[in-house]
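*Asks:*
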Amino acid sequence: MPLDAYDSCPCGSGKKIKFCCNDLLGELQKIERMVEGEQYLGCLQHIERLQRKHPDRACLMAIKGMLLRATGQMEAAAANAAAFVEKHPENATALAESAIITAAAAADPRDAMAMLQRALAVADGNIDSRLYEAIGIVAAALAHAGEWLAGRALMQLLVLTDPGDSRAMALLSGMNRSREVPLLLKDGLPLAPCPDDAPWKDRFEEALAPAGKGNWQAAAERFATLAEEQPDAPAIWRNLATLRGWLADTSGCVDALRKYAALTVPLEDAVEASATAMILSDDPLGDLQDTFSLQWEVGDMEEFQAGLTLDARAMPLRVGPAVSEDDDQPRPKGIYVLFDRPMPEVAEDITLRDAPRFLGRMMLFGRQTDREARLELVDLSADDLASTKALLREIAGRTLDAEPEEVVEGKASASHELLQSRMAPPVDASQEHRDALAAEYRRDALLKRWPELKLGLFDGKSPREAARQEDR
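Numbering-wise, our numbering comes out as the position in the sequence shown, counting from 1, plus 15.
If you want it as structure tokens, here you go:
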């Protein structure tokens with residue numbers, strides 16, 4: 016059916032064309048025919064001619080953005096979206112187009128969510144095709160980035176907006192089946208109702224109202240204000256946590272969940288909220304520590320290699336093929352695994368106390384045109400840093416610099432490092448003996464050493480110290 020004056024205007028105003036862009040009705044009908052005929056490039060040229068006569072018209076900018084994306088002209092689409100928002104900052108279609116471009120640019124999807132929230136606020140529940148498209152694209156970007164709560168919430172919004180959209184339902188079902196999504200996040204943190212006897216019930220319902228239209232930012236701001244006034248109300252904190260999760264405000268969600276869990280709520284609810292907060296947190300136990308690589312200049316390569324060969328704590332590995340073409344790293348002259356002690360000669364007599372521990376992997380590089388011969392040690396935990404330096408000085412003597420260059424490679428949980436056995440029993444030990452040593456290690460780590468580990472989760476106390484507190 017051809018476009019007529021009583022159809023919604025593509026500009027995003029929410030008005031009929033007759034009451035919005037009636038002077039361009041004929042041109043809009045021509046554009047529609049060209050789009051239906053897939054004459055995209057010709058249509059773009061026609062729109063650009065019209066824009067010279069009608070600059071900054073929202074209906075033309077809206078159609079142009081769609082066509083630029085359809086023809087893969089993403090830089091031009093981004094420029095059009097930026098100009099669209101600049102000229103029409105309260106236009107839901109302009110904001111939706113900008114959200115689409117932001118999500119497609121592989122930038123931080125939370126920026127796309129922020130723009131989408133602006134669009135949903137302006138739309139006030141009137142979700143047209145462009146805004147619907149933006150919701151789907153931003154949902155996919157958030158899910159791809161691991162922002163499960165936000166991605167899932169947007170997918171649910173799609174299903175509620177158009178229950179007949181099988182693609183939206185398939186996306187939601189796929190997330191629910193995905194093994195990547197933690198089980199606790201598959202419920203999506205539903206919103207809690209207000210207690211019937213709450214004297215602030217009207218304020219609660221007022222805060223909740225924008226959420227039904229997808230305007231979660233406004234709802235979160237209202238609940239945050241209400242939480243300041245009613246700091247001991249679990250339902251308020253629960254909804255604040257949920258809305259922040261839907262907005263991909265992970266740190267804010269975790270803070271609200273922990274506040275909720277500390278209030279007077281059923282034990283199961285408190286445990287679930289605490290567990291969800293731990294899943295969402297980058298540092299759930301408060302025990303992240305640096306992991307390192309070390310690099311020394313080697314003064315005498317032959318002497319150093321001789322020292323490694325004679326020391327039972329350095330095990331040589333076969334040097335594999337040359338590195339890939341897109342890596343400018345030269346082929347190492349030697350690769351070694353470093354242990355904290357020599358391998359025992361009699362495998363069956365080895366105990367947990369005697370078993371060597373893996374410290375790190377070493378690569379020895381010869382002299383290059385622009386740098387001296389060097390030794391690189393990777394996979395080193397913070398706890399082993401000082402002892403590993405001392406061990407290598409003992410092995411290398413005067414052939415290494417006094418102090419290596421330390422590079423922080425990343426972060427690792429101290430609990431995870433503790434529970435990951437670096438024990439290396441002799442290769443000729445029986446499997447039964449290996450299994451017994453591994454079981455003994457786990458018991459020792461879990462029952463003796465981990466309870467003494469200082470954790471940020473317990474304000475710097477160890478689990479044993481925290482268990483002694485009466486208020487825990």
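Yeah, the Cβ is synthetic: ideal placement off N, Cα and C, and Gly gets one too.
Keep in mind that this is a model prediction, so the values were computed, not measured.
Examine the Cβ distances between the region 292-301 and the region 266-281 and report whether three or more of them are shorter than 8 Å.
*Replies:* yes
*Asks:* Is the separation between the beta-carbon of R84 and that of L110 shorter than 9 Å?
*Replies:* Against the sequence shown, residue 84 aligns to sequence position 69. Against the sequence shown, residue 110 aligns to sequence position 95. No, they are not a contact pair.
*Asks:* Here's the rule I'm using: 16 or more other beta-carbon atoms within 10 Å means buried, otherwise exposed. How should R125 be labelled?
*Replies:* Along the sequence shown, one-based indexing puts residue 125 at 110. So R125 counts as buried.
*Asks:* Do A224 and R253 have their beta-carbon atoms positioned less than 9 Å apart in this structure?
*Replies:* Taking the sequence shown and counting its residues from 1, the one referred to as residue 253 is at position 238. Taking the sequence shown and counting its residues from 1, the one referred to as residue 224 is at position 209. It is not a contact, given that the beta carbons lie outside the stated cut-off.
*Asks:* For Y21, count the other beta carbons within 10 Å of its own beta carbon; 16 or more makes it buried, fewer makes it exposed. Which is it?
*Replies:* By one-based count along the sequence shown, residue 21 stands at place 6. With fewer than 16 Cβ atoms within 10 Å of its Cβ, Y21 is classed as exposed.
*Asks:* Could you name the residues that DSSP lists as bridge partners for W231?
*Replies:* As a first step, residue 231 must be located in the sequence shown, where it is residue number 216. According to DSSP, W231 bridges with nothing at all.
*Asks:* Ignore the nearest five residues each way along the sequence and tell me which others in V137's own chain have a CB closer than 8 Å to its CB.
*Replies:* Taking the sequence shown and counting its residues from 1, the one referred to as residue 137 is at position 122. So the list reads E105, N106, A107 and L110, once near-sequence residues are dropped.
*Asks:* If you check the beta carbons only, do L3 and L187 fall under 9 Å apart?
*Replies:* Given a span of 16 to 487 for the chain in the structure shown, any question on residue 3 remains unanswerable.
*Asks:* Could you tell me which of K79, V153 and L415 sits nearest to L56, measuring between CA atoms?
*Replies:* As a position in the sequence shown, residue 56 is number 41, starting the count at 1. Closest in C-alpha terms to L56, from the list K79, V153 and L415, comes K79.
*Asks:* How far does the beta strand (DSSP E) with A329 in it extend, from its first residue to its last?
*Replies:* Counting from one through the sequence shown, the residue named residue 329 turns up at place 314. From DSSP, the beta strand (DSSP E) with A329 extends over A329 to L332.
*Asks:* Alpha carbon to alpha carbon, how far is S144 from C26?
*Replies:* Here residue 144 is taken as the residue at index 129 of the sequence shown, counted from 1. Here residue 26 is taken as the residue at index 11 of the sequence shown, counted from 1. C-alpha separation (whole angstroms): 12 Å.
*Asks:* The beta strand (DSSP E) that contains G349, what's its start and end?
*Replies:* As a position in the sequence shown, residue 349 is number 334, starting the count at 1. Unbroken beta strand (DSSP E) run through G349: G349 to F354.
*Asks:* Quick one: what's got a C-beta closer than 7 Å to A168's C-beta in the same chain, skipping five residues either side?
*Replies:* The sequence position of residue 168 within the sequence shown is 153, counting from 1. These residues qualify, in order along the chain: G203 and W261.
*Asks:* Determine the closest residue to R437 out of K404, D369, T240 and R408, with distance taken between C-alpha atoms.
*Replies:* Within the sequence shown, numbered from 1, the residue matching residue 437 stands at position 422. Of the candidates K404, D369, T240 and R408, the one whose C-alpha sits nearest the C-alpha of R437 is D369.
*Asks:* Starting from the N-terminal side, write out each stretch of the beta strand (DSSP E) that is 3 residues or longer and does not extend beyond the region 173-238.
*Replies:* none
*Asks:* Counting only runs that start and end within the region 416-467, where is the beta strand (DSSP E) found for 3 or more residues in a row?
*Replies:* Contiguous beta strand (DSSP E) elements confined to the region 416-467 occur at 420-428, taking only those with 3 or more residues.
*Asks:* Is it buried or exposed for A122, if we count other Cβ within 10 angstroms and need 16 for buried?
*Replies:* Here residue 122 refers to the residue found at position 107 of the sequence shown. Exposed, by the Cβ-count rule.
*Asks:* Let's test the definition: count the other Cβ atoms within 10 Å of the Cβ of S193 and tell me whether it reaches 16, buried, or not, exposed.
*Replies:* The residue labelled residue 193 in the question sits at position 178 within the sequence shown. By the Cβ neighbour-count rule, S193 is exposed, with fewer than 16 other Cβ atoms within 10 Å of its own.
*Asks:* For W163 and V361, what's the separation of their Cα atoms in angstroms?
*Replies:* Counted from its first residue, the sequence shown places residue 163 at position 148. Counted from its first residue, the sequence shown places residue 361 at position 346. Cα to Cα, W163 sits roughly 51 Å from V361.
*Asks:* What does a CB cutoff of less than 6 Å around P478 pick up in its chain, not counting 5 residues either side in sequence?
*Replies:* Against the sequence shown, residue 478 aligns to sequence position 463. In its chain, beyond the 5 residues on either side, P466 have a beta carbon closer than 6 Å to the beta carbon of P478.
*Asks:* So the beta strand (DSSP E) G375 belongs to, where does it begin and stop?
*Replies:* Start at 1 with the first residue of the sequence shown, and residue 375 comes out as number 360. It spans F373 to F380 - the beta strand (DSSP E) in which G375 sits, taken as one unbroken run.
*Asks:* Can you list, in chain order, the stretches of the alpha helix (DSSP H) that have 4 or more residues and sit fully within the region 70-144?
*Replies:* 73-85, 89-102, 107-119 and 124-138
*Asks:* If you draw a straight line from the alpha carbon of A119 to that of L40, how long is it in whole angstroms?
*Replies:* Translated into the one-based positions of the sequence shown, residue 119 becomes position 104. Translated into the one-based positions of the sequence shown, residue 40 becomes position 25. Rounded to the nearest angstrom, the two C-alpha atoms are 31 Å apart.
*Asks:* Can you give me the Cβ contacts of A183 inside the same chain, cut-off strictly under 6 Å, excluding the 5 residues immediately before and after it?
*Replies:* Reading the sequence shown from its first residue, position 168 is the one you call residue 183. So the qualifying residues of the chain are L173 and V174.
*Asks:* Is there contact here, the region 305-313 with the region 272-286, by at least three beta-carbon pairs under 8 Å?
*Replies:* Output reads no: the region 272-286 does not touch the region 305-313.
*Asks:* So if DSSP puts R386 in a beta bridge, which residue, or which two residues, is it bridged to?
*Replies:* Here residue 386 refers to the residue found at position 371 when the sequence shown is read from its first residue. Per DSSP, Q383.
*Asks:* Taking DSSP as the reference, what is the three-state secondary structure of K45?
*Replies:* Residue mapping note: residue 45 aligns to position 30 of the sequence shown, counting from 1. Here K45 sits in helix by DSSP.
*Asks:* My guess is that P357 and R328 are in contact by the Cβ rule of under 8 Å, so how many angstroms apart are they, rounded?
*Replies:* Counting from 1 along the sequence shown, the entry for residue 357 is found at position 342. Counting from 1 along the sequence shown, the entry for residue 328 is found at position 313. Confirmed, Cβ separation roughly 6 Å.
*Asks:* Grouping DSSP H, G and I as helix and E and B as strand, with all else coil, what is E11?
*Replies:* Beyond the ends of the chain as shown, which are 16 and 487, falls residue 11; an answer cannot be given.
*Asks:* What are the start and end residues of the alpha helix (DSSP H) that includes I294?
*Replies:* Counting from one through the sequence shown, the residue named residue 294 turns up at place 279. From DSSP, the alpha helix (DSSP H) with I294 extends over L282 to L295.
*Asks:* For E53, does the three-state DSSP call read helix, strand or coil?
*Replies:* On the sequence shown, position 38 is the one that residue 53 refers to. Coil at E53, not helix or strand.
*Asks:* Verify whether the separation of the beta carbon atoms of A93 and I116 is less than 9 Å.
*Replies:* Looking up residue 93 in the sequence shown gives position 78. Looking up residue 116 in the sequence shown gives position 101. Going by C-beta atoms, A93 is nearer than 9 Å to I116.
*Asks:* For A482, does the count of other Cβ atoms within 10 angstroms reach 16, so buried, or fall short, so exposed?
*Replies:* The residue labelled residue 482 in the question sits at position 467 within the sequence shown. Exposed: under 16 other Cβ atoms inside 10 Å.
*Asks:* Looking at C-alpha atoms only, which residue of P246, A222, E244 and P249 is the closest neighbour of E236?
*Replies:* Translated into positions along the sequence shown, residue 236 becomes position 221. The option with the nearest alpha carbon to E236 is A222.
*Asks:* In the structure shown, what three-state DSSP assignment does V361 receive?
*Replies:* As a first step, residue 361 must be located in the sequence shown, where it is residue number 346. Coil.
*Asks:* By a C-beta neighbour count over all protein chains shown, 10 Å radius and 16 as the cutoff for buried, is K404 buried or exposed?
*Replies:* Counting from one through the sequence shown, the residue named residue 404 turns up at place 389. By the neighbour-count rule (16 or more Cβ atoms within 10 Å), K404 is buried.
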